[in-house]
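**Q** Sharing a structure with you now.
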Amino acid sequence: MSSESYYGTIALAAGWGKTLNGETPRLMETVELTILSKTECENKIEEQYGSRVIIDERYLCSFADPHAILSSYKDDRNNQVELDHVCTGILISRQDVLTAEHCFANLELNVTEIIVGSSDLNEGIKYYPLWWITYNEWILQKNMHRQFKENDIAVIRLNTKVLETIRLAILSTLSTYDLYGLKVETAGWGKSNNDRSPRIMETVALRVLRIPECEHKIEKLRGQRIHIPTRVLCTVGEPYALLNHGDSGGPLLYNDTVIGINMSTCPKLRQQIHRGQVNLHVYINYYRDYIIDVQNNF
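Here it is, written out as structure tokens:
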């Protein structure tokens, strides 16, 4: 195949290379990349460094263009951008970001930055929020009946459109019943199980549990049964992998489409991490009318 046939396709790179903070991973890590055309590659280099570099036809050029984007606030006393990270989000249009409502407990509109277009927090392009609207606020404006008290989902409108070269997330239309038992993945900049805050986006493989299995796992730790509604997806990692600070609002992915938004682990325990906990995610399809209406009519 010619190099042109790969342009615009998604590829995976895998290895044990050192991270930018100098750590050597025990487990092989992967990152999703988009193959760029020669012209796109040269333009990106020129944008970043101010001078044009000619890319030889023998080489393929790629960049990490994740679904997830970062929502963070800037603390001027802190020079480490990964420590400013609050939540992850999903770019669903040139000007709209899908994330979790509970992220706004730690965000103020005038000191929030949205970093887009790179898996490295130091390399993305900064945008700023114009406003945001939660599902509960939207349903109140629409004078509609709210079926559930808690709906952990929100849309952020950016103050300007992102570059056309940045790939948008695709929202899945699969039913929850189609998803049970499937292997999925999530991506973000959340703290790892050893409490490390990464600069580079990380991905982890998970499995979607059926509701009874999920409720049983929670009951084993909590001592009482908690009802999990069908608008929530429940996952576990094998070996265990749990959502942590910074993962909230990030995407749960199946076949490169977004099926859910990261919420939290369950049950909440005194010790933050336990192998028996599960991950909970907002199921996207339940909120599709809200997402489409905010994109098109706000």
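Using the numbering used here, the letters of the sequence shown correspond one by one to residues 1 to 298.
Beta carbons: idealized from backbone N, C-alpha and C, even for Gly.
1. What number of angstroms, rounded off, separates the C-alpha of residue 173 from the C-alpha of residue 277?
2. Which same chain residues end up closer than 6 angstroms to residue 94 when comparing Cβ atoms and leaving out the 5 residues on each side of it in sequence?
3. Who are residue 133's beta bridge partners in DSSP?
4. Give me the DSSP bridge partner(s) of residue 279.
5. Is there contact here, the segment 214-227 with the segment 125-136, by at least three beta-carbon pairs under 8 angstroms?
6. Which of helix, strand or coil does DSSP assign to residue 222?
7. Per DSSP, residue 181 is paired with what?
8. Using the Cβ count rule (16 or more neighbours within 10 Å means buried), how would you classify residue 175?
9. Considering Cα atoms alone, identify which of 280, 257, 223 is closest to residue 237.
10. In angstroms, rounded to a whole number, what distance separates the CA positions of residue 89 and residue 199?
11. Whose C-beta lies closer than 7 angstroms to the C-beta of residue 337 among residues of the same chain, with five residues either side of it excluded?
12. Out of curiosity, what's the CA-to-CA distance linking residue 245 and residue 86?
13. Pull up the DSSP beta-bridge partners for residue 200, would you.
14. For a quick check, are the C-beta atoms of residue 273 and residue 243 less than 8 angstroms apart?
15. So what's residue 126 in DSSP terms, helix, strand or just coil?
**A** By the coordinates alone:
1. Counted from its first residue, the sequence shown places residue 173 at position 173. Counted from its first residue, the sequence shown places residue 277 at position 277. Cα to Cα, the separation comes out at about 27 angstroms.
2. Residue mapping note: residue 94 aligns to position 94 of the sequence shown, counting from 1. Here the set comprises 161, 162.
3. Position 133 of the sequence shown, counted from the start, is the residue given in the question as residue 133. According to DSSP, which records beta bridges pairwise, residue 133 is partnered with 155.
4. In the sequence shown, residue 279 corresponds to position 279, counting from 1. Residue 279 is bridged to 235, 265.
5. Verdict: no, contact absent.
6. Translated into the one-based positions of the sequence shown, residue 222 becomes position 222. Note: residue 222 maps to helix in three-state DSSP.
7. If you number the sequence shown from 1, residue 181 lands on position 181. In DSSP, residue 181 forms no bridge with anything.
8. Here residue 175 refers to the residue found at position 175 when the sequence shown is read from its first residue. It counts as exposed.
9. Residue mapping note: residue 237 aligns to position 237 of the sequence shown, counting from 1. Nearest option by C-alpha distance: 280.
10. Counting from one through the sequence shown, the residue named residue 89 turns up at place 89. Counting from one through the sequence shown, the residue named residue 199 turns up at place 199. Distance between the alpha carbons of residue 89 and residue 199: 16 angstroms.
11. In the structure displayed, the chain extends from 1 to 298; residue 337 sits before or after that span and is not available.
12. On the sequence shown, position 245 is the one that residue 245 refers to. On the sequence shown, position 86 is the one that residue 86 refers to. Looking at the two C-alpha atoms, the distance is approximately 7 angstroms.
13. Here residue 200 is taken as the residue at index 200 of the sequence shown, counted from 1. Paired residue(s): 120.
14. For the purposes of this step, residue 273 is taken as the residue at position 273 of the sequence shown. For the purposes of this step, residue 243 is taken as the residue at position 243 of the sequence shown. It is not a contact, given that the beta carbons lie outside the stated cut-off.
15. Locating residue 126 in the sequence shown gives position 126, where the first residue counts as 1. Three-state DSSP puts residue 126 in a strand.
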